[in-house]
Amino acid sequence: MRHQIETVAITPTEFENQVKIWLENAAESTIKFDVTARRKLRGSSGEYEIDAVAEFEILGGAKIIVLVECKYYTSAVKRDVVMLLNAKIQEIGAHKGIVFATSGFQSGALEYARVHGIATVNVVDGDTLYETKAQGIRRSPPPWLDVPRFACWFISLTSENLERHQLVTEGHTESLTNWLVE
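4 is the number of the first residue of the sequence shown in my numbering; add one for each residue after it.
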């Protein structure tokens, strides 16, 4: 059963900057890692503006290009958004694609992403990592608890179409790192 996604309280600029930070933190095991925001790339049918492009080298010099889309939406990302990213990957000749969203993903988007190897990441308020059960009232974390301002969930589907959620914060980027270099 899918749960209701609350839209994160973040500006579009903060959103794109936070995604850049997570990608940079995930790049510790790569060589010559670089992330460029709002980059224009030429494909076989024309030019595309991509929210962010990550480039790095692995295995002694193999250059990998990752196209990153940041979707600042109030409703769940639909399949056509992921399909469009896949088309851009093909047109540009990139190797991977990832969609960061502020509103979660529809099941069709997750299914398409799984089949085509595109990562899906949902950005949330860091406060949502702290949960209490106090007569239905949601409480903020205590001030002494070190909760990040923003976090995200790396969402993937298993072969049985079950959602798998892995936490990504500035200090915990393992799932993102593993996806980048696989």
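Every residue, glycine too, gets a C-beta built ideally from N, C-alpha and C.
Report yes if the CB atom of residue i is closer than 8 Å to the CB atom of residue j, and no otherwise.
{"i": "Leu88", "j": "Ile67", "result": "no"}
{"i": "Val124", "j": "Val85", "result": "no"}
{"i": "Ile95", "j": "Tyr51", "result": "yes"}
{"i": "Val71", "j": "Val22", "result": "yes"}
{"i": "Glu58", "j": "Asp37", "result": "yes"}
{"i": "Leu179", "j": "Glu114", "result": "no"}
{"i": "Arg42", "j": "Val56", "result": "yes"}
{"i": "Lys74", "j": "Ala40", "result": "no"}
How would you call residue i, buried or exposed, if buried means at least 16 neighbouring beta carbons within 10 angstroms?
{"i": "Tyr154", "result": "This sequence places Ala at residue 154; Tyr is not what is there. With 16 or more other Cβ atoms within 10 Å, it is buried."}
{"i": "Gly107", "result": "buried"}
{"i": "Arg100", "result": "A small fix is needed here, since residue 100 is Gly in this sequence, not Arg. It counts as buried."}
{"i": "Met4", "result": "Any reading at Met4 is ruled out, since the residue's pLDDT is 39, under 50, leaving its predicted position unreliable."}
{"i": "Leu183", "result": "buried"}
{"i": "Ile158", "result": "buried"}
{"i": "Asp83", "result": "exposed"}
{"i": "His6", "result": "Here His6 scores only 47 on pLDDT, less than 50, and its place in the model should not be relied on; the value that follows carries that caveat. It counts as exposed."}
{"i": "Ser110", "result": "exposed"}
Would you give the residue range spanned by the alpha helix (DSSP H) that residue i belongs to?
{"i": "Leu179", "result": "177-184"}
{"i": "Ala2", "result": "Because the chain spans 4 through 185 in this model, residue 2 falls outside it and cannot be assessed."}
Starting from residue i, follow its DSSP beta bridges and name the residues at the other end.
{"i": "Ala97", "result": "In the DSSP output, where bridge partners are listed per residue, Ala97 has none listed."}
{"i": "Tyr51", "result": "Leu44"}
{"i": "Glu58", "result": "Asp37, Ile68"}
{"i": "Val102", "result": "Glu72, Thr123"}
Let's see if you can read the secondary structure: which residues bound the beta strand (DSSP E) around residue i?
{"i": "Val171", "result": "166-171"}
{"i": "Lys81", "result": "From DSSP, Lys81 is part of no beta strand (DSSP E); its letter is neither H nor E."}
{"i": "Val127", "result": "122-128"}
{"i": "Glu72", "result": "65-74"}
{"i": "Ser159", "result": "153-160"}
Assuming residue i and residue j form a contact by the criterion Cβ under 8 Å, report the distance between their Cβ atoms to the nearest whole angstrom.
{"i": "Asn28", "j": "Glu173", "result": "6 Å"}
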